[in-house]
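Asker:
Residue numbers (my numbering), protein chains in the order written: chain V, 31 to 331; chain G, 31 to 331.
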């Protein structure tokens, strides 16, 4: 029998638990608080959040499985022609306190309408370093490529470019960070079965905390100066701009009467804005800005 | 001869200067830095900003006068059917450091297309207290009503409701602050001539720093606790949400290749987000949240 939506939601729910347990180990101090909520129009979720850890200043790992009638807006934005939708996924954003540890985001999602008449998967992992370090970006991209290559050798190059295009801020002419992979509306026309696509999503999800652990360990013991903390908050300000101005998930959630606190758990504890912030020539901040650009081949730099 | 666009831009430019001089007096310490810029597609502006004053932590008073071809997006969003537009205005956002002094916003703008074939004015002043104090809200609204009543007794009630509707955050079910007045697309069908509409805009603009001075003096000497500073940053977070998610001026500016730093001068130095921030029963924070609602008659409470 073909995989059904309840089974997919169950795998994602377990994935959330797996990731939270692992991240608690990575942090070594804080634990997740769990918040179970019900959506009036159908379904609900569990939002797990962590604050003031050794490493993680503010982090959220959210699971949801929601369903209901397809709205006019969904027809336009998701190109759905059905009447009932079902959507489930896991979404993560982690804001570390140390500016030498990057912000990370992961999402895996499954969408179907009219009880499976059509379905697709989407997802990805991307990294937003406060300071871009090319060797760390290379290690990150290599890990993603390794998972992709197990499923389809075309995935990594395709999804890497997709991430470059998606995590881009036209109003700043900057990428959000060093990208990663992003995919959406992927179904069996990819050559993979529904079960394989789910396995790909879960593999990505299970690799996520290990990948982040590597990034954490590369930066967490570096001391942070006042200037670096200030830059961290400026970079967080850009992250807020992306999420509120451009991110489709945030827009879709807020416009479809989603749970605001769960959607906006992606925002950092503190962010700053300075008008025309001066950037010193030859500084690490200038170097980072120069690397916030599309199309960098991080693996073969 | 009828008032032309150059004359209107000149009045607005002088208004910017007047307001900046007055605000420097209100602050008593910091002065404005002036940044003149040119828009590639036509026109330019002068963005004046102030930081780290006695009262004003981050404030901007921007003048611009821009022109160019009418884009497809402008046709949709501004319902323009012409080919060339001209837009000039003064925009202000002030973020004070003391949580007992409110955030304030003012904008006056003039738009025309095809060399005056059609024109309109828009504008308004609204107040976003970190802590809502009904008596201070009353004084603020009374000042606005007084100016409106000099031109048309229907303006204040109409523009007050318009502000309630405009400065509303559906995803929070909250108003941004205590409103004020907001108007848009007002032309001679209002019963006022072009010259009277310009005088109304300039009257509002000249009253602005006096009105803010009153608000500043009511709060600036109150001590601020750590808790109140934390709440200030949370309220600033909501302000960021409004400006990036809902504000039409911000959207229009960013999507029409406006000058990003001038558009986003409205964002505060520091803002915070806390997941499901607990609000103590009976606290001042709870009282403020209960007053962030449409339709309060602040004058006759």
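Cβ atoms here follow ideal geometry from the backbone N, Cα and C, with glycine treated the same way.
1) With residue 118/V as the anchor, note down where its beta strand (DSSP E) starts and where it stops.
2) Where residue 45/G and residue 235/G are concerned, what is the direct C-alpha to C-alpha distance, given to the nearest angstrom?
3) Which residue comes first and which comes last in the alpha helix (DSSP H) that contains residue 332/G?
4) Count the C-beta pairs between the region 293-305 of chain G and the region 121-136 of chain G that are closer than 8 Å, then say yes if the count reaches three, no if not.
5) For residue 216/V, list the residues DSSP reports as bridge partners.
6) Could you check the C-alpha separation between residue 52/V and residue 61/V for me, to the nearest Å?
7) Could you run through the region 81-100 of chain V and flag, in chain order, every residue whose CB is less than 9 Å away from some CB of chain G?
8) Would you mind stating whether residue 270/G and residue 237/G have Cβ atoms separated by less than 7 Å?
9) Rounded to a whole number of angstroms, what is the C-alpha to C-alpha distance between residue 318/V and residue 265/V?
10) For residue 63/G, write down the residues that DSSP places opposite it in a beta bridge.
11) By the 10 Å Cβ neighbour count, where 16 or more other Cβ atoms means buried, how is residue 102/V classified, buried or exposed?
12) Short of 6 Å in beta carbon distance, which residues of its chain neighbour residue 135/G, apart from the five on each side in sequence? Order them along the chain.
13) How should residue 57/G be labelled, buried or exposed, when 16 other C-beta atoms within 10 angstroms of its C-beta is the threshold for buried?
14) Taking the C-alpha atoms as reference points, what is the distance between residue 324/G and residue 172/V?
15) For residue 109/V, count neighbouring Cβ atoms within 10 angstroms of its own Cβ and tell me buried if that reaches 16, exposed if not.
16) Would the region 207-218 of chain G and the region 155-169 of chain G be scored as touching if the rule is three or more Cβ pairs under 8 Å?
17) With residue 305/V as the anchor, note down where its alpha helix (DSSP H) starts and where it stops.
18) Rounded to whole angstroms, what is the Cα-Cα separation between residue 106/V and residue 267/V?
19) Check whether chain G comes within 7 Å of residue 215/V, counting only Cβ atoms and requiring the distance to be less than that.
20) Could you tell me the alpha carbon to alpha carbon distance between residue 247/V and residue 259/V, rounded to whole angstroms?
21) Using Cβ-Cβ distances below 7 Å, what residues of the region 189-201 of chain V are close to chain G?
22) In chain order, which alpha helix (DSSP H) runs of at least 4 residues are fully inside the region 170-208 of chain V?
23) Using a Cβ-Cβ distance cut-off of 7 Å, determine whether residue 40/V contacts chain G.
24) Starting from residue 135/V, trace the beta strand (DSSP E) in both directions and tell me its first and last residue.
25) Which residues of the region 302-331 of chain V have a Cβ closer than 8 Å to any Cβ of chain G? Give them in chain order.
26) Can at least three beta-carbon pairs, one atom from the region 239-246 of chain V and one from the region 163-177 of chain V, be found at a separation below 8 Å?
27) Which of the three DSSP states is assigned to residue 224/V in this structure?
28) When you compare each of 117/V, 132/V, 167/V, 184/V to residue 221/V by their alpha carbons, which one comes out closest?
29) Looking at the structure shown, is residue 277/V part of a helix, part of a strand, or coil, going by DSSP?
30) On a Cα-Cα basis, can you pick out the residue from 165/V, 151/V, 223/V, 164/V that is closest to residue 213/V?
31) Under a Cβ-count criterion, where at least 16 other Cβ atoms within 10 Å of its own Cβ denotes burial, should residue 80/V be classed as buried or exposed?
32) Counting only Cβ pairs nearer than 8 Å, list the residues of chain V close to residue 300/G.
33) When Cβ atoms are compared, which residues of the region 245-274 of chain V fall closer than 8 Å to chain G?
34) Rounded to whole angstroms, what is the Cα-Cα separation between residue 181/G and residue 233/G?
35) On the DSSP bridge list, what partners appear for residue 299/G?
36) DSSP on residue 55/G, reduced to helix/strand/coil?
Answerer: So, from the listed chains and residues:
1) In the DSSP assignment, residue 118/V falls within the unbroken beta strand (DSSP E) covering 114-126.
2) When rounded, the distance between both Cα atoms is 7 Å.
3) In the structure displayed, chain G extends from 31 to 331; residue 332/G sits before or after that span and is not available.
4) Result yes; three or more Cβ-Cβ pairs closer than 8 Å.
5) DSSP, once it has assigned bridges, lists 151/V as partnering residue 216/V.
6) Cα-Cα distance, rounded: 11 Å.
7) Taken in chain order, the members of the region 81-100 of chain V whose beta-carbon sits within less than 9 Å of a beta-carbon on chain G are 81, 88, 90.
8) Contact flag unset, no.
9) The straight-line gap from Cα to Cα measures roughly 10 Å.
10) Residue pairing for residue 63/G: DSSP places it in a beta bridge opposite 79/G.
11) Classification for residue 102/V: exposed.
12) Listed in chain order, the non-local C-beta contacts of residue 135/G below 6 Å within the same chain comprise 123, 156, local neighbours out to five positions each way being set aside.
13) Buried is the call here.
14) Rounded to whole angstroms, the gap between the alpha carbons of residue 324/G and residue 172/V is 52 Å.
15) Exposed: under 16 other Cβ atoms inside 10 Å.
16) Here the region 207-218 of chain G makes contact with the region 155-169 of chain G; the two share three or more CB pairs at distances below 8 Å.
17) Looking at the DSSP string, residue 305/V is not in any alpha helix (DSSP H), and its letter there is neither H nor E.
18) If you draw a straight line from the Cα of residue 106/V to the Cα of residue 267/V, it is about 30 Å long.
19) Under the Cβ distance rule, residue 215/V does not count among the residues neighbouring chain G, no pair being separated by less than 7 Å.
20) Answer to the nearest angstrom: the Cα atoms are 18 Å apart.
21) Taking 7 Å as the cut-off between beta carbons, the residues of the region 189-201 of chain V near chain G are 201, in sequence order.
22) Here the runs fully enclosed are 185-196.
23) Under the Cβ criterion of 7 Å, residue 40/V is not counted among the residues facing chain G.
24) Secondary structure note for residue 135/V: its beta strand (DSSP E) is the uninterrupted segment 133-143.
25) Residues are counted here when their Cβ sits less than 8 Å from a Cβ of chain G; for the region 302-331 of chain V these are 302, 303, 304, 305, 306, given in chain order.
26) Judged by Cβ distances under 8 Å, the region 239-246 of chain V makes contact with the region 163-177 of chain V, as three or more pairs qualify.
27) In the three-state DSSP reduction, residue 224/V falls in the helix class (H, G or I).
28) The alpha carbon of residue 221/V has as its nearest neighbour, out of 117/V, 132/V, 167/V, 184/V, the alpha carbon of 184/V.
29) Coil, per DSSP.
30) Nearest to residue 213/V by alpha-carbon distance, out of 165/V, 151/V, 223/V, 164/V, is 151/V.
31) Burial call: buried.
32) Going along chain V in sequence order, the residues near residue 300/G (Cβ under 8 Å) are 263, 300, 301, 302.
33) Interface annotation for the region 245-274 of chain V against chain G: 263, 267, 270, 271, 274, criterion Cβ-Cβ distance under 8 Å.
34) Using only the alpha carbons, I get a separation of about 10 Å.
35) In the DSSP output, where bridge partners are listed per residue, residue 299/G has none listed.
36) Helix, per DSSP.
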